[in-house]
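Reading through the structure tokens given below for one structure.
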Amino acid sequence: MRSTPPRWRAGRPTRSGRASASSPVRPISCAATACGSTVSRASPARVREVVAARLSREPGDLAMHRAILALARLRRSDGMRLITTNFDHLFERAGEDMQLGRDFHAGPVLPIPRNDRTASWRSLVYLHGRLGAAPYADLVLSSADFGRAYLTDAWAARFVARLFADFTVLFIGYSLNDPVLRYMTDAFAAEDAEARVARERGPAYIFIPYKGRSLPDRQPFEDRKLDPIFYHEQRNHRLLKQTLVAWAEARSDYLANTTALIRSIAPFRPDAIDPTATANLLWAVAGRSDDGHGARVFARVGEGAQG
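Sequential numbering of the sequence shown, starting at 1468, is according to the working numbering.
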């Protein structure tokens, strides 16, 4: 089986500017339609037992989980904003003292993903259920399970629709043809189409691996209101992992990170800087809206050389 990137999703409020994340180890490769046919041929309880056994194995490196948890933490209050469609407990192992109802929720009993001061969502959400005691009836595995979660009972569809309305979402570990991704983007599209007042929202973002030298076509993603972020999948998605770990480390000390970034780029002539470095420099100089730290560092870049 081809190795796949981590499977997680992150949400950033469209108004308050905070990022979050979701799960980095892909579960058993099982599309909704494939699982539906498997469950129809075998005992549903037996299929769920096998899935639970596979996902209960001892984990390997949890560096990605720790990085994603760090990115998901809120800056100005307790809690996190993190969603996973995995069933395992690896985030709980990577974190500390996480409690059901406080630090995480599991479908079908989910919080309302609102972004306001009185009822803001601040937890890890197991959107498709979490491994617990047998018979694992709450796991969204088969096509029938997906139908209940997104169509008949629609508890997952309601969560996703509100999530897209209030937050900017980042997907990691999904492909455009993934049934899970299609269910989620379709759920918001249906809700959006029925809204009496048109909603203004930017696209959701999605990390997409590619092979070879040519980037994939962006249009199929944009048709579903997704803005793809392409990365080369060489060495078992090593670039993605390194980026997320470095991002988490940088976020842990914002002032030191922006200072180092500005000092490493600003001394060069504009025509000697590539577009990515230019964008990073602009981000660091603009800084957070309330401190002006980046602008002060940029203004002092040449002082040492002149002295």
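For each residue, glycine too, the CB sits at the ideal point set by N, CA and C.
- Contact between P1578 and W1588 is confirmed by a C-beta separation of about 5 Å, below the 8 Å threshold.
- When DSSP reads this structure, P1676 sits in a beta bridge with Y1698.
- The shortest C-alpha to C-alpha distance from Y1672 to any of E1658, E1689, P1734 and G1679 is the one to E1689.
- Proximity to R1680 across H1760, H1699 and A1753 peaks at H1699, based on C-alpha coordinates.
- Around F1655, the same chain offers V1627, A1628 and F1631 as residues with beta carbons nearer than 7 Å, after the five sequence neighbours per side are excluded.
- Spatial neighbours of H1760 in its own chain (CB-CB distance under 7 Å, excluding positions within 5 residues in sequence) are listed in chain order as L1722, T1725 and G1754.
- A residue is called buried when at least 16 other Cβ atoms come within 10 angstroms of its Cβ; P1687 does not meet this threshold and is exposed.
- Close CB contacts of A1657 within its chain, under the 8 Å cut and outside five residues either way in sequence, are with A1624 and A1628 (chain order).
- The beta-carbon distance between A1733 and L1748, rounded to whole angstroms, is 6 Å. This is short enough to meet the 8 Å contact definition.
- Here R1515 is near L1606, since their CB atoms are less than 9 Å apart.
- Annotation: S1609 to F1558 spans about 24 Å, alpha carbon to alpha carbon.
- Taking the Cα of H1572 as reference, the smallest distance to any Cα among G1562, L1549, E1563 and N1582 is reached at L1549.
- Bounds of the beta strand (DSSP E) holding I1639 are F1634 to I1639.
- Judged by DSSP in its simplified three-state form, F1655 adopts helix.
- Taking 9 Å as the cut-off, the Cβ atoms of V1752 and A1762 count as close.
- Within the segment 1517-1597, complete alpha helix (DSSP H) segments of at least 4 residues are found at 1530-1539 and 1557-1561, given in chain order.
- In the same chain as P1676, and ignoring 5 residues on each side of it, the C-beta atoms closer than 8 Å to its own belong to P1472, F1697, Y1698, H1699, E1700, H1704 and L1707, in chain order.
- For F1613, the enclosing alpha helix (DSSP H) stretches over residues S1610 to G1614.
- A check of alpha carbon separations from E1770 across A1600, P1737, T1745 and R1730 identifies R1730 as the nearest.
- Looking at S1642, A1534 and V1636, the one whose alpha-carbon comes closest to that of L1711 is A1534.
- Rounded to the nearest angstrom, the Cβ distance from L1598 to D1555 is 6 Å, consistent with a contact under 8 Å.
- Residue pairing of A1671 in beta bridges, as defined by DSSP: L1693.
- For G1761, the uninterrupted alpha helix (DSSP H) segment begins and ends at H1760 to A1766.
- In the structure shown, N1644 adopts coil according to DSSP, grouped into three states.
- Judged by their CB atoms, L1693 and F1638 are nearer to each other than the 9 Å cut-off.
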